[in-house]
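Protein chains in written order, with this note's numbering: chain A, 23 to 207; chain B, 227 to 443. Everything on this sheet refers to the single structure shown next.
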């Protein structure tokens, strides 16, 4: 049982972060397909259909989690997607196959050019698992208490903060390989 | 009810505060790494050829376009000379060449001489393409041998008296500028300055300056 305000924050930030993550996948499908191929986990015939199915599922889950009727299913789908993604990243990190674009960092990755260095690491795995936990939090039932205006203020402000903090972490992650490449220049 | 709302709000604020603290730490760490990686901005000196402070050998050469070029020796117009050793096949050289005009503009009285050696045709084509016809381009094996150039792009800064004032392997604009800074500071290289061995050299530089003033008088 968690407080409804915390639940609201989890749901709202999960939705915003997941939608921000799908946007570049819709805008540049070829780039996401290249990312999927680079993971080297899927048979080649499955890459193209999945490159459309995964963003569609992610977007549907992100929107579905907002409504009480579809919350359960959507939260499970979102959490499963992020866990799968985390597992795929972990396998590639274990393989030592780290110089790939993770296809994950939302706005940040979309704005950076293809020439900037890319790499994945355990931080990316942790990031995917944090997202899964955020989506899974929507499954926890809320305590029933009467909400008042101040609760909506807290929920709104905290959601904005959570999303801003999340994107800051994304930028920090994107900068890591750039710092590494600076060492050798 | 208000109390619950305030407790939740305060708890969320504390969580946000902790998250911000963690983000600040991560940011500061990245900035720290950035400083560390940017630190060695001096041109890498390879201890071969004429030492810094020594009189450079004098070469009277003809460049690709047939102009007479003098490298080393006393400069009548009191100008320094930057000899830039390059090769048409070296990618870093191509990256640095377009920066030369702005470096010349920044440093003032410096003549830039491009130096290489090899087949005339290849170099002439490269020279035309690079669009740097204002700088003489000499082909001389002897020049390269006298400075014992092993790696490119390499630059040597000579002063108006024909002395070697700084030299080194240059990979970036900062490296090129470090040669001029080393000359102004009177040190052999910026690395030496950073590592605090500059006392006697600074004195030496000062001495040089006095000698110059004496000449002017």
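We treat Cβ as the ideally placed atom computed from N, Cα and C, and that holds for glycine.
Hey, is the segment 64 to 77 of chain A in contact with the segment 238 to 245 of chain B, meaning 3+ C-beta pairs nearer than 8 Å?
By the Cβ rule, the segment 64 to 77 of chain A does not count as touching the segment 238 to 245 of chain B, because fewer than three pairs are nearer than 8 Å.
Mapping DSSP to helix, strand and coil, what is residue 306 of chain B?
In the three-state DSSP reduction, residue 306 of chain B falls in the strand class (E or B).
How many angstroms separate the CA atom of residue 69 of chain A from the CA atom of residue 57 of chain A?
Straight-line measurement puts the Cα of residue 57 of chain A at about 10 Å from the Cα of residue 69 of chain A.
Which one or two residues does DSSP pair with residue 363 of chain B in a beta bridge?
According to DSSP, which records beta bridges pairwise, residue 363 of chain B is partnered with B/340.
Flag this pair as yes or no: are the beta carbons of residue 111 of chain A and residue 150 of chain A separated by less than 8 Å?
In this structure, residue 150 of chain A lies closer than 8 Å to residue 111 of chain A by Cβ.
Runs of alpha helix (DSSP H) lying entirely within the segment 39 to 102 of chain A, each at least 4 residues, in chain order:
Complete alpha helix (DSSP H) runs here, min 4: 51 to 61, 66 to 86.
With H, G and I counted as helix, E and B as strand and the rest as coil, what does DSSP make of residue 142 of chain A?
DSSP, reduced to helix, strand and coil, places residue 142 of chain A outside both helices and strands of the structure shown, so it counts as coil.
Thinking C-beta only, is residue 339 of chain B closer than 8 Å to residue 310 of chain B?
Yes, the pair counts as a contact, with Cβ atoms nearer than the cut-off.
Residue 251 of chain B to residue 259 of chain B, Cα distance in whole Å?
So the alpha carbons of these two residues sit roughly 12 Å apart.
Give me the subset of the segment 52 to 71 of chain A whose CB atoms are less than 7 Å from a CB atom of chain B, sorted by chain position.
The segment 52 to 71 of chain A vs chain B, Cβ under 7 Å: nothing.
Count the other CB atoms within 10 Å of the CB of residue 300 of chain B; is the residue buried (16 or more) or exposed (fewer)?
With fewer than 16 Cβ atoms within 10 Å of its Cβ, residue 300 of chain B is classed as exposed.
Separation of residue 45 of chain A from residue 51 of chain A, as counted between CA atoms:
Residue 51 of chain A and residue 45 of chain A have their alpha carbons spaced roughly 10 Å apart.
Straight-line CA distance for residue 384 of chain B to residue 390 of chain B?
C-alpha separation (whole angstroms): 5 Å.
Going along chain B, which residues have a C-beta under 8 Å from residue 176 of chain A?
Chain B residues near residue 176 of chain A: 231, 234, 235, 238.
Are the C-beta atoms of residue 399 of chain B and some chain A residue less than 8 Å apart?
By this cut-off, residue 399 of chain B is not an interface position.
Would you call residue 97 of chain A buried or exposed, if buried means 16 or more other Cβ atoms sit within 10 Å of its Cβ?
Around the beta carbon of residue 97 of chain A, a 10 Å sphere encloses 16 or more other beta carbons of the protein chains shown; the residue is thus reported as buried.
Within the 8 Å Cβ cut-off, does residue 245 of chain B reach chain A?
Put simply, the CB of residue 245 of chain B is near chain A, with a gap under 8 Å to one of its CB atoms.
Below 9 Å on C-beta distance, what does residue 252 of chain B contact in chain A?
What residue 252 of chain B touches in chain A: 190, 191, 194.
Inter-residue CB distance, residue 341 of chain B and residue 366 of chain B (contact presumed, cutoff 8 Å)
That pair is a contact at about 7 Å.
Give every residue of the same chain whose Cβ lies closer than 8 Å to the Cβ of residue 120 of chain A, excluding the five residues on either side of it in the sequence, and list them in chain order.
For residue 120 of chain A, where only same-chain residues beyond five positions count, the Cβ hits under 8 Å are 114, 141, 142, 143.
Identity of the residue in A/192, A/106, A/88, A/29 nearest residue 154 of chain A by Cα
Of A/192, A/106, A/88, A/29, the residue nearest in Cα terms is A/106.
Interface partners of residue 201 of chain A on chain B, CB under 7 Å
For residue 201 of chain A, the C-beta contacts it makes with chain B under 7 Å involve 256, 259, 260, 263, in order along the chain.
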